[in-house]
Amino acid sequence: MEYKSIYGEASYSFTEQKSEFISHICHVESDEDAVGYIDKIRSENRKARHNCYAYALKEGSILRYSDDGEPQGTAGAPIMDVIQKNGLTDVVIVVTRYFGGILLGKGGLTRAYSSGASGAVSAAKIMRLLPASIIKITLDYAYYDRISYSLPEFEVKITDTEYSDKVAVTLAIRAELAEKLTQKLSDLTNGSAIIDKIDEILYDFSA
Numbered sequence: 001m002e003y004k005s006i007y008g009e010a011s012y013s014f015t016e017q018k019s020e021f022i023s024h025i026c027h028v029e030s031d032e033d034a035v036g037y038i039d040k041i042r043s044e045n046r047k048a049r050h051n052c053y054a055y056a057l058k059e060g061s062i063l064r065y066s067d068d069g070e071p072q073g074t075a076g077a078p079i080m081d082v083i084q085k086n087g088l089t090d091v092v093i094v095v096t097r098y099f100g101g102i103l104l105g106k107g108g109l110t111r112a113y114s115s116g117a118s119g120a121v122s123a124a125k126i127m128r129l130l131p132a133s134i135i136k137i138t139l140d141y142a143y144y145d146r147i148s149y150s151l152p153e154f155e156v157k158i159t160d161t162e163y164s165d166k167v168a169v170t171l172a173i174r175a176e177l178a179e180k181l182t183q184k185l186s187d188l189t190n191g192s193a194i195i196d197k198i199d200e201i202l203y204d205f206s207a
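The sequence shown begins at 1 in the UniProt record's numbering and counts up one residue at a time.
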């Protein structure tokens, strides 16, 4: 299964009808992490009228959100909707509102909190982890250039290269392409390459 989250944290802010909205998004992996981050944002914005939030955790498939005093369904749920529509997990988004004196109405609030959450997601660096095989290929130098030209077609990520009496290349490849790559390498080296599958992990090929 694909795992999609964010790296670190990010923020975004805008003004709507004189109310200032400040959004923060952060990678978290537990209830304790999420609550701790929400409390941190609250403590930094004590004068704000509302600190609405939503978070989604992979462990336990936990989904929680709060309107924090806004009319029911106008803040927490729209923030959660943004998280889910972006396919994110292990994230918390807190949207802080400094009230500007003009009532936005339920529709206006819903749009504002949704916009705040979307802005935070856009500002974040997305982490997209895919099922991957970690493979180590040991081969004679005579075949090294030949496989080097072929590897890019499989969109692999080379993680290590060792040079001794032979060349040993360690790489990550999407799990569904591992068998095809193994066959290709065997053909290119006339069956002489030693191909070891070291591990099965989730890997970010965009990093």
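Glycine included, C-beta positions come from ideal geometry on N, C-alpha and C. Being a predicted model, the structure only gives us computed values, none of them experimental.
Item                                                                                                      : Value
Under the three-state DSSP convention, the category K125 falls into                                       : strand
As assigned by DSSP and simplified to three states, the class of D165                                     : coil
Where the beta strand (DSSP E) through E44 begins and ends                                                : Counting along the chain, E44 falls outside any beta strand (DSSP E), though it belongs to the alpha helix (DSSP H) covering D31 to E44.
Contact under 9 angstroms by Cβ, S19 with A120                                                            : no
Three-pair Cβ contact test at 8 angstroms for the stretch 109-116 versus the stretch 174-190              : no
Straight-line gap, Y52 to E44 (C-alpha atoms, nearest Å)                                                  : The question names Tyr, but residue 52 in the sequence shown is Cys. When rounded, the distance between both Cα atoms is 14 angstroms.
Under 9 angstroms between C-beta atoms of A54 and M80                                                     : yes
Local Cβ density within 10 Å of P71, reported as buried at 16 or more and exposed below that              : exposed
Cβ-based burial, A56 [other Cβ within 10 Å; buried from 16]                                               : buried
Where the alpha helix (DSSP H) through K184 begins and ends                                               : A178 to L188
R97, buried or exposed, once every other Cβ within 10 Å from all chains shown has been counted against 16 : buried
8 angstroms contact criterion, which D39 and L129 should meet: CB distance rounded                        : That belief does not hold up - the Cβ atoms of D39 and L129 are roughly 28 angstroms apart, past 8 angstroms.
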